[in-house]
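First residue of the sequence shown? That's 2 in this note's numbering, and the numbers climb one at a time after it.
Reviewing the structure listed below.
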Amino acid sequence: MVKICCIGAGYVGGPTMAMIAYKCPDIQVVVVDISVPRINAWNSDRLPIFEPGLDEVVKSCRNTNLFFSSDVESHIADSDIIFVSVNTPTKTRGLGAGKAADLTYWESAARMIADVAKSDKIVVEKSTVPVKTAEAIEKILNHNSRDGVNFQILSNPEFLAEGTAIDDLADPDRVLIGGRQTPEGQKAVAALKGVYAKWVPEDRIITTNLWSAELSKLAANAILAQRISSINAMSALCEATGANVSEVAYAVGKDTRIGPKFLSASVGFGGSCFQKDILNLVYICECNGLTEVANYWRQVVQINDYQKLRFVNRVVSSMFNTVSGKKILVLGFAFKKDTGDTRETPAIDVCLGLLGDKAKLSIYDPQVSEDQIRRDLTTSKFDWDHPQHLVPSSPTAKSKEMVTVTWDAYEAAKGAHGICIMTEWDEFKSLDYQRIYDGMEKPAFVFDGRNAVNPDELRKIGFIVYSIGKPLDAWMKDLPAAPLT
Ligand code: UDX
Ligand code: UDX
Ligand code: ADP
2 MVKICCIGAG YVGGPTMAMI AYKCPDIQVV VVDISVPRIN AWNSDRLPIF EPGLDEVVKS
62 CRNTNLFFSS DVESHIADSD IIFVSVNTPT KTRGLGAGKA ADLTYWESAA RMIADVAKSD
122 KIVVEKSTVP VKTAEAIEKI LNHNSRDGVN FQILSNPEFL AEGTAIDDLA DPDRVLIGGR
182 QTPEGQKAVA ALKGVYAKWV PEDRIITTNL WSAELSKLAA NAILAQRISS INAMSALCEA
242 TGANVSEVAY AVGKDTRIGP KFLSASVGFG GSCFQKDILN LVYICECNGL TEVANYWRQV
302 VQINDYQKLR FVNRVVSSMF NTVSGKKILV LGFAFKKDTG DTRETPAIDV CLGLLGDKAK
362 LSIYDPQVSE DQIRRDLTTS KFDWDHPQHL VPSSPTAKSK EMVTVTWDAY EAAKGAHGIC
422 IMTEWDEFKS LDYQRIYDGM EKPAFVFDGR NAVNPDELRK IGFIVYSIGK PLDAWMKDLP
482 AAPLT
């Protein structure tokens, strides 16, 4: 029986290994993590991450051929294939701070593998890493290994998106495996291909050299994020001209060369990958002397920041240029629907912007805990333009009384002046907006950062509505554009 071990039981490692175990009953899969609470949660009835369909997959094979353990070393020692799926955040200090990937966790995982391995291993890069990381990892493994132990390193980046992880894993567009072009390297590629081939059609399993696989992951995320920044840039122009961004996106996306997906204008993209991976790409370009290429990709992140700022300014300018002391209901905090993940969620910057103008926030998200929201609003933000220091979050965010976290949207709407929709949760579409309107101060505003609700229906109730990239209400058209500072 082949034994697979995965280091890192996070958003990528957990669901990916659960799917391998589910599809390959003859493979034993162990997911290990240094975080004991995380492992305990994976072994409990309440998994540490919310992901539609994940519970069923985990329950069907846990303790049969899928195990979660904090005994990292012993499981690494007796596995044939080791996936490394540890976190690779952006560096906050030192060389490349604010852009380069922090490979501390990766390096310590590699050193541990070298330390405990007594037999040959295939080591698989699963977490997104800078191009040429495999080379560094190979050096660490080979310089620290016991005599006679050989390592083959593969790059097998994960393309799943949160909220749809189980479908993405069960029916992936493609699986990508990069390896050394040597006979041993190709043997390792074939071994990993054999695992995926149990459920993925062969023509969707792409094999490449190591560097192509590593770069393809960064390139895919950069190009996806670029589409969102492109349509978000158009949304600003739509608001200025009276065009409707949904109509524009539909018309543009009908061109099969462009395609319809990933053209939804929004308050901005979030999530653990897009910004981090683009900044990482920018850094790699700079290191290779490719300044123009670095600037090109950096602009994708700058448009994303601009979009969040534009949204805050729209809220403030519509409400008579001040939200000081006004209650605002924030619907949704996660970076997208169907996840409880808040990493890089645009809601953080929007909330901090409103708190900076002394608004009182009442925040509701069906999957994000109060603790998490408070942590996100008080943790210092890294300023990648000025990497020497961490910028303290808005001081008002620290004052507890300015933020309430609620589990009842109707209660929270009472006495509110405005509503900001930050996440496109399905349940926000079917709220009783008449009931909400009745309890609010007038004029009552809705600022929809996700084009999640029908503006015309809300206008009929009496709301003044702003939807990203849609023709503006007369109310807003007559206002001078707020300066973008
Ligand atoms: C373009 C648009 O495709 C068309 O829809 C519009 O109506 C007019 O402008 P055209 O300029 O005739 O059409 O040709 P197109 O096939 O788009 O190519 C434009 C240029 O891009 C060419 O120089 C082509 O060689 C180049 N190109 C195209 C690339 O370099 N790479 C590609 O992948 C595609
Ligand atoms: C992304 C990639 O899609 C995935 O392939 C990669 O492995 C990890 O990064 P994820 O961050 O989980 O996945 O979610 P994704 O669906 O890509 O959304 C990212 C952000 O973009 C979200 O904040 C989402 O709301 C936003 N988005 C997405 C838009 O604003 N408009 C769109 O049209 C699509
Ligand atoms: P991702 O979204 O990429 O899956 P996460 O942060 O959700 O990232 O998960 C990474 C996991 O890796 C965390 O649970 C962390 O505790 C774990 N981890 C980091 N370093 C090590 C290590 N050396 N050994 C075991 N687990 C590790």
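Positions of the beta carbon are idealized from the N, C-alpha and C atoms, including for glycine.
In this text the structure is predicted, and so the values were computed from the model without any measurement.
query, result
"Quick one: any contact between the stretch 127 to 145 and the stretch 272 to 292, if contact means 3 or more CB pairs under 8 Å?", "yes"
"Count the other C-beta atoms from every protein chain shown that fall within 10 angstroms of the C-beta of A22, then say buried if there are 16 or more, exposed otherwise.", "buried"
"Are there 16 or more other CB atoms within 10 angstroms of the CB of F68, so buried, or fewer, so exposed?", "buried"
"May I ask you to report which of helix, strand or coil DSSP gives I83?", "strand"
"Does at least one heavy atom of ligand 3 sit under 7 Å from the Cβ of G243?", "no"
"Exposed or buried, which one is I304 when buried takes at least 16 other CB atoms within 10 Å?", "buried"
"Comparing the CB of K337 with every heavy atom of ligand 2, is any distance shorter than 7 Å?", "yes"
"Please classify F321 as buried or exposed, where buried requires at least 16 neighbouring CB atoms within 10 angstroms.", "exposed"
"Could you give the residue range of the beta strand (DSSP E) that holds E126?", "122 to 126"
"Measure how close the beta-carbons of D169 and R205 come, nearest whole angstrom, since I'm counting them as under 8 Å.", "About 12 Å; that fails the 8 Å criterion."
"Does the beta-carbon of G11, which I'm using as the reference point, lie nearer than 7 Å to any heavy atom of ligand 3?", "yes"
"Taking 8 Å as the threshold (C-beta atoms), are L211 and R181 in contact?", "yes"
"Less than 8 Å between the beta carbons of K119 and A78, yes or no?", "yes"
"Residues in its own chain within less than 6 Å of N44 by CB, not counting five upstream and five downstream?", "F69"
"Helix, strand or coil for R63 per DSSP?", "strand"
"Going by the C-beta, is F263 closer than 7 Å to any heavy atom of ligand 2?", "yes"
"Could you tell me the alpha carbon to alpha carbon distance between T208 and D339, rounded to whole angstroms?", "32 Å"
"Comparing C-alpha positions only, which one of Q373, T105, W426, I462 sits nearest to G440?", "I462"
"Am I right that M235 and A348 are in contact with their C-beta atoms under 8 Å? What's the rounded C-beta distance?", "With a Cβ gap of about 22 Å, M235 and A348 do not count as contacting."
"Provide the residue span of the alpha helix (DSSP H) that contains L330, from first to last.", "Segment 328 to 332 is the beta strand (DSSP E) holding L330; no alpha helix (DSSP H) there."
"Just the Cα atoms here: how many angstroms apart are N289 and L282?", "11 Å"
"Could you check where the alpha helix (DSSP H) with V324 kicks off and where it finishes?", "No alpha helix (DSSP H) holds V324; DSSP gives it neither H nor E."
"Starting from T208, follow the beta strand (DSSP E) in both directions and report where the run begins and ends.", "206 to 210"
"Alpha carbon to alpha carbon, what distance is there between T343 and P456?", "26 Å"
"Assuming I50 is part of the alpha helix (DSSP H), what are its boundary residues?", "First-last for I50: undefined, no H or E at that position."
"Could you check which residue in L161, Y197, F160, A192 has the C-alpha nearest to that of I154?", "A192"
"Can you round the beta-carbon distance between V268 and Q308 to whole angstroms, since I take them to be within the 8 Å contact cut?", "6 Å"
"Distance cutoff 8 Å, beta carbons only. Does E57 sit that close to anything in chain B?", "Given the protein chain composition of this structure (a single chain), no chain B is represented."
"Report the three-state DSSP secondary structure of D56 (helix, strand or coil).", "helix"
"Using the three-state DSSP reduction, which class does V490 fall into: helix, strand or coil?", "Nothing in the structure corresponds to residue 490, since the chain is present only between 2 and 486."
"Starting from C286, follow the alpha helix (DSSP H) in both directions and report where the run begins and ends.", "275 to 288"
"How do the stretch 53 to 61 and the stretch 6 to 21 stand: do at least 3 beta-carbon pairs fall below 8 Å, yes or no?", "yes"
"Assuming V117 and I8 form a contact by the criterion Cβ under 8 Å, report the distance between their Cβ atoms to the nearest whole angstrom.", "Actually they are not in contact, since the Cβ atoms of V117 and I8 sit about 11 Å apart, beyond 8 Å."
"Do L280 and G99 have their C-beta atoms within less than 8 Å of each other?", "yes"
"Comparing C-alpha positions only, which one of K443, C421, E425, E458 sits nearest to D433?", "E458"
"Closest by CA to I364, which one among E412, D121, A220?", "E412"
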